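Residue numbers (this note's numbering): 1 to 90.
What follows is a short report on a single structure.
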Amino acid sequence: MSIDPRVALESLTAALEEHLTAAASRRGEGDPAVEAAFFAVADAFEVYDDSLYEAYDEVTPLQVIDDEDADDDDIDDDEDLEILQDSEQS
Numbered sequence: 001m002s003i004d005p006r007v008a009l010e011s012l013t014a015a016l017e018e019h020l021t022a023a024a025s026r027r028g029e030g031d032p033a034v035e036a037a038f039f040a041v042a043d044a045f046e047v048y049d050d051s052l053y054e055a056y057d058e059v060t061p062l063q064v065i066d067d068e069d070a071d072d073d074d075i076d077d078d079e080d081l082e083i084l085q086d087s088e089q090s
């Protein structure tokens, strides 16, 4: 079953608005409402991107990064690797 990209975009927009509301009323670090809104944005974006691709063979220039990807990206270029190695030797 394919989802209309316009419907998926409306869901993404709503998720972004809910995230902004949650962030603006944050009750400290690790607020569960902010975390839930964060994951709702990620999920809604993936649905939108998939539906856009299915309908029009097109994608957005955006990407959802999970924790594993973020850890790998921390050491992407040689300069970062050298700094990491120098700090480990000290």
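Heads up, the beta-carbon is just placed ideally off N, CA and C, and yes, glycines get one too.
Since the model is a prediction, treat every value here as computed from it, not as a measurement.
Using three-state DSSP, classify L62 as helix, strand or coil. As a position in the sequence shown, residue 62 is number 62, starting the count at 1. L62 carries a coil assignment under DSSP once its states are collapsed to helix, strand and coil.
Which stretch, first to last residue, makes up the alpha helix (DSSP H) that contains R6? Within the sequence shown, the letter at position 6 stands for residue 6. Segment 5-24, the alpha helix (DSSP H) holding R6.
Among the candidates A36, E35, T60, whose CA atom is the shortest distance from the CA of V47? Here residue 47 refers to the residue found at position 47 of the sequence shown. The shortest C-alpha separation from V47 is found at T60.
Just mark S51 as buried or exposed, buried being the case when its beta carbon has 16 or more other beta carbons within 10 Å. In the sequence shown, the residue the question calls residue 51 occupies position 51. It counts as buried.
C-alpha distance - D43 paired with R27, whole-angstrom precision: The count along the sequence shown starts at 1 and reaches residue 43 at position 43. The count along the sequence shown starts at 1 and reaches residue 27 at position 27. For the pair D43 and R27, the Cα-to-Cα distance works out to about 23 angstroms.
Tell me which same chain residues have a C-beta within less than 6 angstroms of the C-beta of A22, skipping the five on either side of it? Locating residue 22 in the sequence shown gives position 22, where the first residue counts as 1. Answer for A22: A33, V34, A37, listed in chain order.
CA-to-CA distance, L20 to V41, given in whole angstroms: The residue labelled residue 41 in the question sits at position 41 within the sequence shown. The residue labelled residue 20 in the question sits at position 20 within the sequence shown. If I take the Cα positions, the gap works out to 10 angstroms.
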